[in-house]
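2 protein chains.
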Amino acid sequence: MLQSLSLTEENYLKAIYHLSDHGSENVSTNSLAESMSTTPASVNDMMKKLSNKNLIGYKKYKGATLLPDGRASALHVIRKHRLWEVFLVDKLNFKWDEVHEIAEQLEHIKSPLLVERLNEFLGKPVIDPHGDPIPDENGVVKEVTKAPLSELKPGSKGVLVNVSNDDRALLRHLDKLQLSLGSKIELIERIDFDGSVCIQVDGQVNHFISQTIAGNLLLTVLD
Amino acid sequence: MLQSLSLTEENYLKAIYHLSDHGSENVSTNSLAESMSTTPASVNDMMKKLSNKNLIGYKKYKGATLLPDGRASALHVIRKHRLWEVFLVDKLNFKWDEVHEIAEQLEHIKSPLLVERLNEFLGKPVIDPHGDPIPDENGVVKEVTKAPLSELKPGSKGVLVNVSNDDRALLRHLDKLQLSLGSKIELIERIDFDGSVCIQVDGQVNHFISQTIAGNLLLTVLD
DNA sequence: AAATATTTTTAGATTAATCTAAAAATATTT
DNA sequence: AAATATTTTTAGATTAATCTAAAAATATTT
Numbered sequence: 304m305l306q307s308l309s310l311t312e313e314n315y316l317k318a319i320y321h322l323s324d325h326g327s328e329n330v331s332t333n334s335l336a337e338s339m340s341t342t343p344a345s346v347n348d349m350m351k352k353l354s355n356k357n358l359i360g361y362k363k364y365k366g367a368t369l370l371p372d373g374r375a376s377a378l379h380v381i382r383k384h385r386l387w388e389v390f391l392v393d394k395l396n397f398k399w400d401e402v403h404e405i406a407e408q409l410e411h412i413k414s415p416l417l418v419e420r421l422n423e424f425l426g427k428p429v430i431d432p433h434g435d436p437i438p439d440e441n442g443v444v445k446e447v448t449k450a451p452l453s454e455l456k457p458g459s460k461g462v463l464v465n466v467s468n469d470d471r472a473l474l475r476h477l478d479k480l481q482l483s484l485g486s487k488i489e490l491i492e493r494i495d496f497d498g499s500v501c502i503q504v505d506g507q508v509n510h511f512i513s514q515t516i517a518g519n520l521l522l523t524v525l526d
Numbered sequence: 304m305l306q307s308l309s310l311t312e313e314n315y316l317k318a319i320y321h322l323s324d325h326g327s328e329n330v331s332t333n334s335l336a337e338s339m340s341t342t343p344a345s346v347n348d349m350m351k352k353l354s355n356k357n358l359i360g361y362k363k364y365k366g367a368t369l370l371p372d373g374r375a376s377a378l379h380v381i382r383k384h385r386l387w388e389v390f391l392v393d394k395l396n397f398k399w400d401e402v403h404e405i406a407e408q409l410e411h412i413k414s415p416l417l418v419e420r421l422n423e424f425l426g427k428p429v430i431d432p433h434g435d436p437i438p439d440e441n442g443v444v445k446e447v448t449k450a451p452l453s454e455l456k457p458g459s460k461g462v463l464v465n466v467s468n469d470d471r472a473l474l475r476h477l478d479k480l481q482l483s484l485g486s487k488i489e490l491i492e493r494i495d496f497d498g499s500v501c502i503q504v505d506g507q508v509n510h511f512i513s514q515t516i517a518g519n520l521l522l523t524v525l526d
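Protein chains in written order, with our numbering: chain A, 304 to 526; chain B, 304 to 526.
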């Protein structure tokens with residue numbers, strides 16, 4: 304069972320997770336203070352507290368690392384954050400870039416049943432609107448890689464996370480195809496003749512796209 | 304514009320609203336302490352604070368009343384609470400009696416756009432799963448009355464909030480008709496011959512019900 | 001390696017929300 | 001109306017999360 308933590312404690316654990324590259328490195332007091340918009344002194348106090356609760360490992364002047372319980376709590380909060388982001392985008396028609404602040408609040412709602420039901424309601428999504436993976440019930444995170452659409456295999460699904468060219472004509476064309484950051488794309492087939500690809504967008508429309516355009520669309524894909 | 308309030312301040316205003324019969328009476332320190340599960344001393348401190356912010360009227364030993372700003376804030380929180388309850392029941396298949404605690408948390412999420420989108424997503428509901436009215440964007444609350452289904456006029460819509468008879472056979476029958484507390488019922492027509500009624504349940508199935516049964520089903524109806 | 005700069009910790013305060021215990025005011029009973 | 005009971009307020013503490021300023025430790029430069 305996860306410990307019941309204060310909103311602040313949850314935010315610290317989350318920040319440590321993100322700053323430590325998914326929990327693999329030590330996080331310095333100063334970097335945490337900056338990312339939490341607080342002072343090193345406050346961070347220091349909180350480190351002692353989290354350390355006493357066995358959520359983080361902490362040695363004076365050596366920074367913090369997540370211990371298993373802290374990591375589990377961090378991942379649970381991140382899971383909720385990303386599920387709510389999917390809800391906001393898929394169900395309430397928010398844009399990709401409008402959801403973060405609201406999800407920062409929703410992620411702290413405490414109800415295991417709510418998370419379970421929300422997950423089902425959303426169709427058990429595995430990637431959020433930013434292309435980041437959603438940790439599962441047990442805190443297991445699928446790794447994602449970023450690659451241009453032109454390099455995917457048929458059958459792969461991903462989320463459009465970057466357009467590596469800001470040519471007006473390209474952006475206008477993407478707009479016409481209803482392709483924008485956060486769009487879910489499945490590669491249906493590649494035409495060997497010219498490398499152009501057929502894609503399905505958000506599980507609905509199919510489009511053909513040239514190899515050149517496909518090369519400029521950066522997706523995150525599950526490994 | 305509504306002031307930005309702490310979670311605790313919002314809860315106090317909400318409690319005052321409920322205990323004062325929608326803001327019409329003075330609320331005593333002791334009754335507030337009981338309803339908030341805290342001490343009269345804590346309530347007293349908070350009353351001073353809310354009074355300084357012009358949210359409540361407060362005179363020593365005389366209890367508290369909501370001032371316009373406090374009332375508006377209370378109603379906004381109640382609006383969010385009830386909208387989220389509709390979400391939990393209609394979209395996530397929670398039972399009407401499982402949603403209160405979760406809604407107590409969700410009601411404090413701050414995002415006007417979220418409330419607006421949620422309202423639209425839910426089809427602009429006017430009554431929550433408990434049959435209570437949902438205040439509108441401007442804090443206007445429609446009054447509801449309770450009446451047995453047998454007394455409604457054709458065309459009226461309401462929510463089943465009580466069954467005034469616990470006979471096994473009746474409950475089993477209601478179960479068979481998928482009628483339970485929180486069901487949305489529209490009276491389609493009344494048969495003059497025997498007073499039996501045709502109702503639509505949750506906007507989907509139609510059923511015929513005898514006058515006797517209809518007399519035992521208590522609904523809340525918008526005036 | 002000594003001097004300097006940077007980072008981190010400690011010491012002591014502050015704010016919001018809470019508490020207990022005692023004092024003061026109000027309400028009720030006799 | 002005096003005595004008693006109840007309610008409310010005040011005074012002074014406590015806890016979580018924060019802060020500033022100074023001290024201590026570590027890292028970097030010369």
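Just so you know, even glycine gets a beta-carbon here, dropped at the ideal spot from N, CA and C.
| Query | Result |
| --- | --- |
| 4 or more residues per run - each alpha helix (DSSP H) lying fully within the stretch 304–366 of chain B | 310–322, 332–338, 343–355 |
| Top-ranked residue by Cα proximity to Leu395(B), from Glu407(A), Gly426(A), Ile491(A) | Gly426(A) |
| Cβ of Ile437(B) within 7 Å of any chain A Cβ | no |
| The stretch 359–376 of chain A contacting the stretch 386–401 of chain A, beta-carbon criterion three pairs below 8 Å | no |
| Within chain A, partners of Arg420(B) - CB distance below 9 Å | Leu391, Lys394, Leu395, Asn396, Phe397 |
| Contact residues within the stretch 440–466 of chain A, judged by C-beta distance below 8 Å to chain B | none |
| Rounded straight-line distance, which links the Cα of Arg382(B) to that of His325(B) | 13 Å |
| Separation of Ile512(B) from Ile412(B), as counted between CA atoms | 42 Å |
| Asn441(A) - DSSP class collapsed to helix/strand/coil | coil |
| Chain-ordered neighbours of Phe424(A) on chain B, where CB pairs are closer than 8 Å | Lys394, Leu395 |
| Partner residues on chain B for Lys547(A), Cβ-Cβ distance less than 7 Å | Lying before the first or after the last residue shown, residue 547(A) is absent from chain A, which here runs from 304 to 526. |
| Cβ-Cβ distance between Val380(B) and Leu391(B) below 7 Å | no |
| Residue from Glu489(B), Ser486(B), Leu417(B), Arg385(B) with nearest C-alpha to Pro438(B) | Arg385(B) |
| Contact set between Leu378(A) and chain B, taken where Cβ atoms lie within less than 7 Å | Neighbours of Leu378(A) on chain B: none; closest Cβ ~20 Å, over 7 Å. |
| CB contact below 7 Å: Ile502(A) versus chain B | no |
| Given 8 Å, three or more beta-carbon pairs between the stretch 516–525 of chain A and the stretch 319–334 of chain B | no |
| Residues sharing a beta bridge with Gln503(B), DSSP | Glu489(B), Asn509(B) |
| Cβ neighbours of Ala377(B) in the same chain (closer than 6 Å, five flanking residues each side left out) | Leu316, Lys317, Tyr320 |
| Segment contact flag, the stretch 444–456 of chain B with the stretch 336–352 of chain B, C-beta cutoff 8 Å, min 3 pairs | no |
| Residues that DSSP places opposite Leu482(B) in a beta bridge | DSSP output for Leu482(B) lists no bridge partner at all. |
| For Leu421(A), the three-state DSSP class (helix, strand or coil) | helix |
| Residue-chain proximity (Ile516(A), chain B), Cβ-Cβ < 7 Å | no |
| Residue range of the beta strand (DSSP E) that includes Leu520(B) | 520–525 |
| Listed by chain order, chain A residues near Leu308(B) by CB distance under 9 Å | Those within 9 Å of Leu308(B) in chain A number zero; the least Cβ separation is about 14 Å. |
| Distance, Ile502(A) Cα to Tyr494(A) Cα | The question names Tyr, but residue 494(A) in the sequence shown is Ile. If I take the Cα positions, the gap works out to 11 Å. |
| Distance, Arg471(A) Cα to Arg420(A) Cα | 42 Å |
| Assigned secondary structure, Ile430(A) (DSSP; H/G/I helix, E/B strand, else coil) | strand |
| Own chain partners of Val429(A) with C-beta closer than 7 Å, once the 5 adjacent residues on each side are dropped | Pro436, Ile437, Lys445, Leu525 |
| Closest by C-alpha distance to Leu322(B), when choosing among Leu308(B), Phe424(B), Ala367(B) | Ala367(B) |
| Span of the beta strand (DSSP E), counted from its first residue to its last, around Gly373(A) | Counting along the chain, Gly373(A) falls outside any beta strand (DSSP E), though it belongs to the alpha helix (DSSP H) covering 371–389. |
| Min CB distance Leu490(B) to chain A below 7 Å | no |
| Status (buried if at least 16 other CB within 10 Å, exposed otherwise) for Asn357(B) | exposed |
| Contacting positions in the stretch 466–482 of chain A - beta carbon closer than 8 Å to chain B | none |
| The ligand FAD heavy atom lying under 6 Å from the CB of Met350(B) | In the structure on display, the ligand FAD does not appear, and there are no ligands present to speak of. |
| CB contact below 7 Å: Leu417(A) versus chain B | yes |
| Below-7 Å beta-carbon distance, His405(B) vs any chain A residue | The identity of residue 405(B) in the sequence shown is Ile, whereas the question assumes His. Yes, Ile405(B) counts as interfacial toward chain A. |
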